[in-house]
Amino acid sequence: MTARPGYTQALQATGLLDLLRAYDPHVAGTPPLGVDLPASDIDILCHAPDALAFTRTIWQALVGAPAFSIHQWTGGGRPVIATFTAQGWCFEIFASIQPVAEQAGWRHFLVERRLLALGGEALRSSVVQHRQAGLKTEPAFAAALGLKGDPYRDLLELHRQTDGDLVAILAAAGYLAHSEQS
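If you count by my numbering, then the sequence shown holds residues 49 to 230, one letter each, in order.
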């Protein structure tokens, strides 16, 4: 079995970011965080104020792709989600009427990236261990940090915190801030 390329190479090979350029695509999820597993997918978040136009774009470009599917949620702003496989990766495109910067998935990604930058390899290893045990990304971060509430809501709350606040949370969870490890 041939090893799949890195996520950046897969994105480049598919031309997906060019296809989605009009929808402000942002790559999120576990591969750019470095906490991906062999079955991880590549998540792309988009701003699509016109769901029908977005769906047409995706349908015309990807309808013949392996494992292609597209659907629209019935609630929560009715985002459109498309999935397909290419380059050994599963891709998931999430398109919302909300600008990407306001989407929960993007805010989760940003705080997770900040936490990893501050918490260093010890936090990264703990998150990966929790993921290998079967947890999704946000629950894995919550478990690594000892957060007891709803992991999705808790990470959105952490997004609002300063780096100093995050360092205190990391210290309380037993992680030295990356800058303190030097």
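Cβ atoms here follow ideal geometry from the backbone N, Cα and C, with glycine treated the same way.
Boundaries (first-last residue) of the alpha helix (DSSP H) holding residue i
i      : result
Ile141 : No alpha helix (DSSP H) holds Ile141; the beta strand (DSSP E) holding it covers 137-144.
Gln151 : Here Gln151 belongs to no alpha helix (DSSP H), and DSSP marks it neither H nor E.
Val215 : 211-220
Tyr71  : Note, Tyr71: premise wrong, no alpha helix (DSSP H); not H, not E.
Tyr200 : 199-207
One or two residues paired with residue i in a DSSP bridge
i      : result
Ile90  : Phe139
Ile106 : None; Ile106 has no bridge partner.
Ala134 : Trp137
Ala76  : Asp91
Val231 : As shown, the chain starts at 49 and ends at 230. That puts residue 231 outside it, with no answer to give.
Close beta carbons around residue i, own chain, < 6 Å, minus the five adjacent residues each side
i      : result
Ser117 : Thr131
Ala96  : Tyr71, Phe102, Ala143
Tyr55  : Pro79, Ile90
Among the options, the one whose alpha carbon lies nearest that of residue i
i      : options                       : result
Tyr200 : Arg162, Arg155, Gly222, Thr62 : Arg155
Ile92  : Trp137, Gly125, Leu193        : Trp137
Arg104 : Leu68, Val75, Pro86, Thr122   : Leu68
Leu163 : Gly197, Trp107, Gly82         : Gly82
Neighbourhood of residue i by C-beta, 8 Å cutoff - its chain only, sequence neighbours within 5 removed
i      : result
Ser230 : Residue confidence for Ser230 is low, a pLDDT of 43 falling below 50, so the modelled location carries little weight; the figure read from the coordinates is stated next. None.
Beta strand (DSSP E) segment containing residue i, residue limits
i      : result
Phe116 : Neither: Phe116 is in no beta strand (DSSP E) and is coded neither H nor E.
Ala191 : From DSSP, Ala191 is part of no beta strand (DSSP E) but of the alpha helix (DSSP H) over 185-193.
Contact belief for residue i with residue j at Cβ below 8 Å, rounded distance in angstroms
i      : j      : result
Ala113 : Ala134 : 6 Å
Same chain only: Cβ atoms within 7 Å of residue i, ignoring 5 sequence neighbours per side
i      : result
Ala188 : Val175, His178, Arg179
His207 : Arg155, Leu158, Val159
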